[in-house]
Every structure is written in structure tokens, then in C-alpha cells.
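Under this note's numbering, the first residue of the sequence shown is numbered 248, with each subsequent residue one higher.
Just so it is clear, CB atoms sit at the ideal spot from N, CA and C, and this is done for glycine as well.
A short worksheet on the structure shown next.
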Amino acid sequence: MEETQTLTPRARVGFEGASLTFESAADPVLTVDQGEHFWLDARSLLTGGLFEETGEYEKLSIPVTGPVAVRGVKPGDALRIDVHEIKIADRGAMVTLPGRGGFTGGLGRSGHVVDIADGYVEFDGDTRIPVRPMVGKIGVAPAGPGPNSSTVGIHGGNMDCKDVTAGAAVVVPVQVAQAMVYAGDLHAAQGDGECSLTAVEVEGSVRLSCTMIPDGGRPVAPLRRPVVISGGSVITIGDGDTLDEAARLALDDMLELLQNDRGWSREKTAMLLSSAADVSVSQLVNARLSAKVSLAARYFTAEPFSLESSNTMNAQVSDA
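Spelled out as C-alpha cells, the structure:
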């Protein structure tokens with residue numbers, strides 16, 4: 248997809264737009280047209296210096312930035328949030344805390360600051376982790392009181408899906424007028440599960456655009472939970488009090504997407520998923536857990552939630 252160059256500077260929201268909730272009643276920090284590119288700056292554990300000055304890790308939280316209002320979007324729509332670019336700082340941090348994490352033996356209280364250079368996280372000595380920047384928290388405001396930014400749900404939120412990288416898209420069901428988009432919690436690298444509690448948490452900025460899915464790109468089935476399009480795969484996200492519950496919801500959503508696309512029976516569709524789809528963990532360390540089901544887009548007759556029939560393909564782009 249070619250992007251049309253314009254002379255209009257891209258809008259940018261700085262740290263002043265940070266929020267600890269996905270709140271629908273908050274005043275928008277920015278209002279954009281569909282397809283318009285904008286930057287959101289994202290805070291991290293290191294922002295403000297408290298991480299290194301106090302070591303009081305329990306008191307630190309990672310906010311999102313927003314809300315961004317998207318013109319012309321209404322409840323019941325499916326909103327596609329495209330992640331065009333992620334820029335990260337050259338230092339990151341990780342934390343473990345007692346009673347947190349996915350290990351049966353538990354973990355102590357510890358913090359670790361790392362340098363990031365030449366495409367790698369300098370973890371310890373000659374141990375380096377390849378950088379793969381991603382967005383941990385992204386979504387829209389739900390109807391009613393705004394949930395904490397660390398919560399995952401039908402609005403998206405703290406999915407910690409490592410596939411939400413530059414070039415990916417997140418599709419979410421809109422619940423309030425103008426969607427009210429939030430994003431933040433950037434990671435330089437993360438494994439599936441984020442098993443110690445955090446990934447490599449970094450400051451940075453993310454360039455997004457938001458578009459209502461046109462009728463021609465919308466599946467027959469209603470969108471119940473977030474769907475990620477990334478790396479040639481379609482990824483459904485489920486959340487629950489247990490990983491079993493989260494995985495089953497993600498499976499149900501993938502089955503419904505593929506069945507409606509192919510017109511197969513429920514049983515035949517399940518057979519294809521059993522042979523070709525991967526069920527895995529997004530994160531297992533927060534109060535509400537998230538799981539995902541990934542299926543190569545080639546198994547669909549057409550990629551779900553495509554923008555190809557949209558008239559907003561030529562988005563507004565200029566130098567940051």
C-alpha cells in the first residue's frame with residue numbers, strides 16, 4: 248500500500264496524555280479523521296526516574312496515552328487500528344515481584360535496567376536479546392466506567408500480544424462514539440506469556456491510524472473481541488480468569504471467522520483449525536489472562552477486516 252505524502256505535520260500527543268484507565272468520559276487529547284496518521288508518546292517504568300531513584304517497583308504503573316477520538320465512528324462499528332511505526336528509547340527495564348509471575352516457586356523483588364543498541368537488548372555480558380518492538384496496551388474505551396489500563400477485555404487493553412508490531416493491525420469492536428483510542432506500554436522484546444511480570448519495558452512512540460472497516464471488508468459474524476492481523480496471520484484474542492477460558496474464547500472466535508468465510512460446517516472448520524492453527528499464551532501474569540489463536544491468512548478466501556474497499560487507503564503522511 249502506497250502512502251500519499253502531504254505537507255500537513257502529523258499530530259502528536261506527548262506524555263501529558265498519559266492515563267491509567269481506558270476512560271470513555273475523558274476529553275479527547277486529539278481528534279483525527281479516519282486514515283489520518285498520528286503519534287502517541289508512551290511512558291515506561293523508567294519515565295521520571297523513580298525506578299532507579301527509589302526502587303519502589305510496586306508503586307510504578309505503566310499508563311496508556313489517549314483518548315484519541317476518531318471522526319465518523321460509532322458504537323457497533325469495527326475499528327481497525329494500524330500500527331505503522333514504533334520508535335523506542337535506548338534503555339529498558341524489567342521487574343519481578345513477590346506473588347507475581349507465572350512460576351510455581353515464586354520470585355523475589357528485583358529490577359534490571361538494560362541498554363538497547365544495534366538491534367539488541369544487552370541483557371548481561373554477551374547475552375543479548377534481539378529487539379522486536381511491540382505495543383503491549385492498545386484498544387478503545389468501553390461503555391461505562393473505564394477499566395484500569397492493565398486490564399484486558401473486549402475493548403483490547405493490556406493484551407500483551409507480541410504480534411502487535413509495526414505493520415500489524417488491531418481490530419476492535421467500538422462501544423462509544425468516536426471510539427476513543429488508547430495505546431502505550433511499549434516493549435523492546437517480549438516472549439509469549441510475559442512470564443516474569445514484565446517484558447523489556449521502554450519509553451517510545453507509536454504511529455497509528457484508525458479506520459472503520461467498510462462493509463466489503465467486514466465478516467458476516469459480529470466482532471466480539473479483538474483480532475490482530477500480523478505477519479501474514481489472523482490472530483484472535485481471548486481473555487478470562489483462566490488460560491483455559493481465554494483460549495476457548497479465542498478458538499470460538501477463530502472458528503466463527505473461518506466458518507463464515509468458507510461456508511464449511513462447524514465440524515469441518517474445527518478440523519482445519521486443529522491441523523493448521525496455533526493456540527498459545529499472550530500473557531499469564533495479570534489478574535485477567537489472555538490467550539490467542541493464530542491462523543495463516545491464506546486459509547481465508549479473503550483476509551478478514553481488509554481495508555481494500557475503503558476510500559481511506561491513501562492516508563495522510565508527512566515527516567514526524
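Under DSSP, residue 317 takes part in a beta bridge, and its partners are 279. Put simply, of 507, 519 and 484 the residue whose alpha carbon is nearest the alpha carbon of residue 399 is 484. Look at residue 503 here: in three-state DSSP terms it is helix. The residue among 329, 407 and 353 with its C-alpha nearest the C-alpha of residue 309 is 407. Your pair residue 486 and residue 535 checks out as a contact, with CB atoms roughly 5 angstroms apart and the cut at 8 angstroms. Contact check for residue 269 and residue 394: beta-carbon distance about 6 angstroms, within the 8 angstroms limit, so the pair qualifies.
A Cβ-Cβ separation of about 7 angstroms places residue 266 in contact with residue 396 under the 8 angstroms criterion. In this structure residue 409 does not touch residue 427 by the C-beta definition: roughly 25 angstroms separates them, more than the 8 angstroms allowed.
By the beta-carbon neighbour count (other beta carbons within 10 angstroms, threshold 16), residue 377 is exposed. Beta-carbon to beta-carbon, residue 447 and residue 430 are separated by about 18 angstroms, too far to satisfy the 8 angstroms threshold.
Taking C-beta atoms under 8 angstroms as the contact rule, residue 314 and residue 273 qualify, at a distance of about 6 angstroms. Counting along the chain, residue 271 sits inside no beta strand (DSSP E), nor does DSSP assign it H or E at all. In the three-state reduction of the DSSP assignment, residue 263 falls in the helix class, which pools H, G and I. When rounded, the separation of the alpha-carbon atoms in residue 306 and residue 341 is 14 angstroms.
For residue 458, the enclosing beta strand (DSSP E) has its first and last residue at 448-459. When the five nearest sequence neighbours on each side are left out, the beta carbons in the same chain lying within less than 8 angstroms of the beta carbon of residue 290 are those of 262, 265, 309, 310, 312, 431 and 450, in order along the chain. Judged by DSSP secondary structure, residue 301 falls within the alpha helix (DSSP H) whose first and last residues are 297-301.
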